[in-house]
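Enquirer: With full-length UniProt numbering as the guide, the letters of the sequence shown map in order to residues 1 to 748. C-beta: ideal position from N, C-alpha, C; glycine also.
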Amino acid sequence: MDLKQLAQDTFDKVVNGLASKAEPAVPGVPGAEPPTVAEPTEPRDPLPPKADQAEPANLTATGADSGAPANARAQQDAWLTTSQGARVRDTDHSLKAGERGPTLLQDHHLREKITHFDHERIPERVVHARGAGAHGVFVGYGTADTVTRAAFLQEGEETPVFVRFSTVLGSRGSADTVRDTRGFATKFYTDEGTFDLVGNNIPVFFIQDGIKFPDVIHAGKPHPDREIPQAQSAHDTFWDFVSLHTEAQHHTMWNMSDRGIPRSYRMMEGFGVHTFRCVNDAGETALVKFHWKPRLGVHSLTWEEAQLLGGIDPDFHRRDLYDAIEAGAYPAWELGLQVFPDEPDQMFAGIDLLDPTKIVPEELAAVQPVGMMVLTGNPTNFFAETEQVAFHVGHLVPGIDVTDDPLLQTRLFSYVDTQLTRLGGPNFSQIPINRPHAPVNDMLRDGFHQHAVHVGAAPYRPNSLDGGCPFAVEGDARAMEDLAVRVAESTKVRANPASYDDHYSQVRQFWLSMSPVEQQHIIRAYTFELGKCYEQAVKERQLQCLANIDARLCAEVATGLGLPVPDATLELVDAEPSPALSQVGQEWPSDGRMVGIVVDPDGDLAGVAEVRTAIFAAGMVPLVIAPRGGQVGDGLVAQRTFATVRSVELDAVLVAGSPVPAPDALPLRDEKAGAGDTPSVDPRVVLLLEECFRHAKVIGAWGAGPSALEAAGITGTPGIVRGESGPEVLGRVQEQMALHRVWERFAV
Ligand code: HDE
Numbered sequence: 001m002d003l004k005q006l007a008q009d010t011f012d013k014v015v016n017g018l019a020s021k022a023e024p025a026v027p028g029v030p031g032a033e034p035p036t037v038a039e040p041t042e043p044r045d046p047l048p049p050k051a052d053q054a055e056p057a058n059l060t061a062t063g064a065d066s067g068a069p070a071n072a073r074a075q076q077d078a079w080l081t082t083s084q085g086a087r088v089r090d091t092d093h094s095l096k097a098g099e100r101g102p103t104l105l106q107d108h109h110l111r112e113k114i115t116h117f118d119h120e121r122i123p124e125r126v127v128h129a130r131g132a133g134a135h136g137v138f139v140g141y142g143t144a145d146t147v148t149r150a151a152f153l154q155e156g157e158e159t160p161v162f163v164r165f166s167t168v169l170g171s172r173g174s175a176d177t178v179r180d181t182r183g184f185a186t187k188f189y190t191d192e193g194t195f196d197l198v199g200n201n202i203p204v205f206f207i208q209d210g211i212k213f214p215d216v217i218h219a220g221k222p223h224p225d226r227e228i229p230q231a232q233s234a235h236d237t238f239w240d241f242v243s244l245h246t247e248a249q250h251h252t253m254w255n256m257s258d259r260g261i262p263r264s265y266r267m268m269e270g271f272g273v274h275t276f277r278c279v280n281d282a283g284e285t286a287l288v289k290f291h292w293k294p295r296l297g298v299h300s301l302t303w304e305e306a307q308l309l310g311g312i313d314p315d316f317h318r319r320d321l322y323d324a325i326e327a328g329a330y331p332a333w334e335l336g337l338q339v340f341p342d343e344p345d346q347m348f349a350g351i352d353l354l355d356p357t358k359i360v361p362e363e364l365a366a367v368q369p370v371g372m373m374v375l376t377g378n379p380t381n382f383f384a385e386t387e388q389v390a391f392h393v394g395h396l397v398p399g400i401d402v403t404d405d406p407l408l409q410t411r412l413f414s415y416v417d418t419q420l421t422r423l424g425g426p427n428f429s430q431i432p433i434n435r436p437h438a439p440v441n442d443m444l445r446d447g448f449h450q451h452a453v454h455v456g457a458a459p460y461r462p463n464s465l466d467g468g469c470p471f472a473v474e475g476d477a478r479a480m481e482d483l484a485v486r487v488a489e490s491t492k493v494r495a496n497p498a499s500y501d502d503h504y505s506q507v508r509q510f511w512l513s514m515s516p517v518e519q520q521h522i523i524r525a526y527t528f529e530l531g532k533c534y535e536q537a538v539k540e541r542q543l544q545c546l547a548n549i550d551a552r553l554c555a556e557v558a559t560g561l562g563l564p565v566p567d568a569t570l571e572l573v574d575a576e577p578s579p580a581l582s583q584v585g586q587e588w589p590s591d592g593r594m595v596g597i598v599v600d601p602d603g604d605l606a607g608v609a610e611v612r613t614a615i616f617a618a619g620m621v622p623l624v625i626a627p628r629g630g631q632v633g634d635g636l637v638a639q640r641t642f643a644t645v646r647s648v649e650l651d652a653v654l655v656a657g658s659p660v661p662a663p664d665a666l667p668l669r670d671e672k673a674g675a676g677d678t679p680s681v682d683p684r685v686v687l688l689l690e691e692c693f694r695h696a697k698v699i700g701a702w703g704a705g706p707s708a709l710e711a712a713g714i715t716g717t718p719g720i721v722r723g724e725s726g727p728e729v730l731g732r733v734q735e736q737m738a739l740h741r742v743w744e745r746f747a748v
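Here it is in structure tokens:
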């Protein structure tokens, strides 16, 4: 089977299917036009409600009509009402004893409005508080049949999904682009019940046993006395913990690499981290690791971009995901499995499959694609969907089971537990976004926020009063199964197996697998983070850990910190590099990438219009950047001005002229030019080009554009395309964008 072709066919099928369905082209948006790639920042009408939100909670848990009217939900009809549906004439003035008051207690409308507002917030997630979600569809390839009987993986089976991406450490309002792990949690609404794959963009974890989760999180969160710093690991408590607790070194190295600052949620891998146990129709079991492989490849920001974005656009990743989906540049991932024999020792090639601080390199066990997920719809309401979605690693379907990984075992307890506080009681699975699409008949009753009006007199088993309903599955009907896995005869202990003691060999393997540029980024990241620590002992202890990973890494970081270089206390093993870990060297589609076009109102506007059309046609998004807002030329509107644009939101920039300084730019006059001198090119364009150059982006120029490049001191050639016409330049720029960055431009 040609798997590459299968991936492309599946992607095309989902995207074309959306366009051709009589049903909404945008899921849940009746009558919406099939999406085309379009400028995402242009004003548009508000989206109508989506299908998944259209109905109130008027069904019982058994699927029967509860008797509640279908419109028992806010925002029906055109009139403002109270929560009880009584129409309201005036919501701007409280009821007072005379115009100057005081306000009367009897004003029920005032009290209801304020009381509800007072209780609008719910606790944010204790970790992964900051996130962004999207709806989509998963299509099975049928290639997993030999491994698992999970129905949603069967050939051509389409399953609705909701995905939430997140950072881990920051609060709900923190910046998207901080250096951190990213959550990648997927809810599959399968016909056999909901399956949640609650993963991260990093395949290993800080701890081997869940009992230490509060410790690592307390260390990473802001200091308890000052509550700073927000959303970052560059502080003493984090490095204190990871340097004392060396099993965290592997995850920490991934965080210090470019993986810690993704370019986009659309360009991240996802990992189930733990090993799961799958069972096929014949009852044969296999051990499995889940992988998400992004269609657009794995790409990262530069550290400077990440920092600038924290101020310029803290919502960068959230916006990027939303805009891409609105523009029809649907993000897609292939789900892949690494499959291992289910041996009694649960080891593979000497690697303990139950140790979540270890990977199995792809070169030893290939990731086999089993289906594709395409995200095709944005949430209608952030709170109702992205905030209230509740994932749980225990939400499993027939064919997929857990293993004894001690990290996973703790998670099986933690997720429901946390929802009880966060979502206010045990009925959170009745919240629309959490409702299974499979029929539910669970005998769970009552509790806070019970929405179902259950029928029947006997929510217990066995019963005769409800005719014995509901019935437990018998015979061959498909159901959850407790696999009869042998548990070794053992004694109760608080201890780890000896295989968990190796904390360094895979960290070194990761380091050795990086290209020189990526290694340089890692060195700078450690130097920055440790440079933010105050405690000398913490820095020295982490340097000792680095010495046990690689001598050069340790020496360069130590030099940056101005500290002595310690000797390794372990013998360094030269692990075989795993090329799959590096982001450099491959080519990827450029769908949904942002291309800025710097426009000189006196320059080649016809060329700009032509290039803009070509950028759309290539599935990317052009942003016209002009001296000021409004119309630039015939049919050309500025989407960014020289005052609002920064390099960080662009993947490449084209310069279609050499704009002279606009009057409002003169206060920003380049100091190098000297007081009184007027620079030849608008200094904000010069700054933009300098930044694009520094951030290793492809830069193209035609017409008078090359002289603007010269004014910015850009003379080199790698990633600089100069040409006669816009379309010619764009073609060559796009070729280079496939590599993501102009890697040669980084000083190594
Ligand atoms: Fe989580 N984790 N976690 N985690 N986790 C939560 O659940 C927890 C772990 C992950 O977008 C919480 O609903 C423990 C590994 C994601 O809603 C909480 C342990 C991995 C999300 C929780 C871990 C994850 C969470 C907080 C150690 C990658 C966000 C709010 C035993 C495989 C899901 C919530 C979303 C969220 C506990 C370790 C991924 C407290 C105790 C390993 C993506 O229950």
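1) Taking C-alpha atoms, which residue in Gly731, Ala231 and Ala568 lies nearest to Ala175?
2) Give me the residue from Val455, Phe162 and Ala568 with the minimum Cα distance to Pro432.
3) Taking DSSP as the reference, what is the three-state secondary structure of Arg741?
4) Taking 6 Å as the limit between beta carbons, can you name the residues of its chain near Gln544, skipping five residues before and five after?
5) CB of His286 to nearest heavy atom of the ligand HDE: below 8 Å?
6) Using a threshold of 8 Å, is the CB atom of Tyr504 nearer than that to any non-hydrogen atom of the ligand HDE?
7) I need the straight-line Cα distance from Val598 to Arg628, nearest angstrom please.
8) Just tell me which of Thr644, Ala643, Ser647 and Pro622 has its CA closest to the CA of Leu636.
9) Are there three or more Cβ pairs, one per stretch, closer than 8 Å when the segment 321 to 341 is compared with the segment 7 to 15?
10) If I measure Cβ to Cβ from Phe693 and keep anything under 6 Å in the same chain, skipping five residues before and after, which residues do I get?
11) For Ser515 and Val584, I'd like the C-alpha separation in whole angstroms.
12) Between which two residues does the alpha helix (DSSP H) carrying Tyr526 extend?
13) Determine the closest residue to Ala638 out of Ile359, Gln388, Val624 and Phe165, with distance taken between C-alpha atoms.
14) Measure from the alpha carbon of Gly705 to the alpha carbon of each residue in Asp600, Pro727 and Arg646, then state which is nearest.
15) Following a CB-centred definition, is Val273 positioned closer than 8 Å to any heavy atom of the ligand HDE?
16) Could you tell me which whole alpha helix (DSSP H) segments of length 4 or greater appear in the segment 318 to 349?
17) Express the C-alpha separation of Ser680 and Glu722 in angstroms, rounding to a whole number.
18) Here's the rule: buried if 16 or more other CB atoms are within 10 angstroms of the residue's CB, otherwise exposed. What is Arg266?
19) Give a yes or no on contact between the segment 235 to 255 and the segment 192 to 209, applying the rule of three or more CB pairs nearer than 8 Å.
20) Name the one or two DSSP bridge partners that Asp196 has.
21) Using only CA atoms, which one of Glu99, Val632 and Asp90 lies nearest to Gly603?
22) Does the beta carbon of Gln542 fall short of 8 Å from some heavy atom of the ligand HDE?
23) Are there any heavy atoms of the ligand HDE lying less than 8 Å away from the beta-carbon of Arg318, as far as the coordinates show?
24) Just curious, the alpha helix (DSSP H) that Ala609 is in, first and last residue?
25) Have a look at Lys697 and Leu709 and give me their C-alpha separation to the nearest angstrom.
26) Hey, out of Arg259, Asp591, Ser414 and Ile523, whose CA is closest to Leu581's CA?
27) With DSSP as the reference, label Trp588 as helix, strand or coil.
28) Assuming Tyr141 contacts Val370 (C-beta within less than 8 Å), just tell me the rounded distance between them.
29) Under 8 Å: does the beta carbon of Ile207 sit that close to some heavy atom of the ligand HDE?
30) Would you please state the rounded distance, in angstroms, between the beta carbons of Leu512 and Ala575? I believe it to be under 8 Å.
31) Compare the Cα-Cα distances from Glu691 to each of Phe528, Arg646, Ile211 and His437 and report the closest residue.
32) Can you tell me where the beta strand (DSSP E) with His135 in it begins and where it stops?
33) Alpha carbon to alpha carbon, how far is Ile615 from Ser414? Give it in angstroms, no decimals.
34) What residues in its chain sit with their C-beta under 6 Å from that of Ala495, if we drop five residues either side in the sequence?
35) Quick check for students: name the residue ranges of the beta strand (DSSP E) that lie wholly in the segment 279 to 309, counting only runs of 3 or more.
36) Would Thr167 and Arg149 qualify as a contact pair, given that the criterion is a beta-carbon distance under 9 Å?
Expert: Quick answer:
1) Ala231
2) Phe162
3) coil
4) Pro566
5) The sequence given here places Ala at residue 286; His does not occur at that position. No, since every heavy atom of the ligand HDE falls outside the 8 Å radius drawn around the Cβ of Ala286.
6) no
7) 11 Å
8) Pro622
9) yes
10) Ile714
11) 7 Å
12) Pro516 to Gly531
13) Val624
14) Asp600
15) yes
16) none
17) Sequence check: residue 722 is Arg here, not Glu. Approximately 20 Å between the Cα atoms of the pair.
18) buried
19) yes
20) Lys187
21) Val632
22) no
23) no
24) Leu605 to Ala617
25) 13 Å
26) Arg259
27) coil
28) 6 Å
29) yes
30) 6 Å
31) Arg646
32) Gly131 to Gly140
33) 47 Å
34) none
35) 285 to 294
36) no
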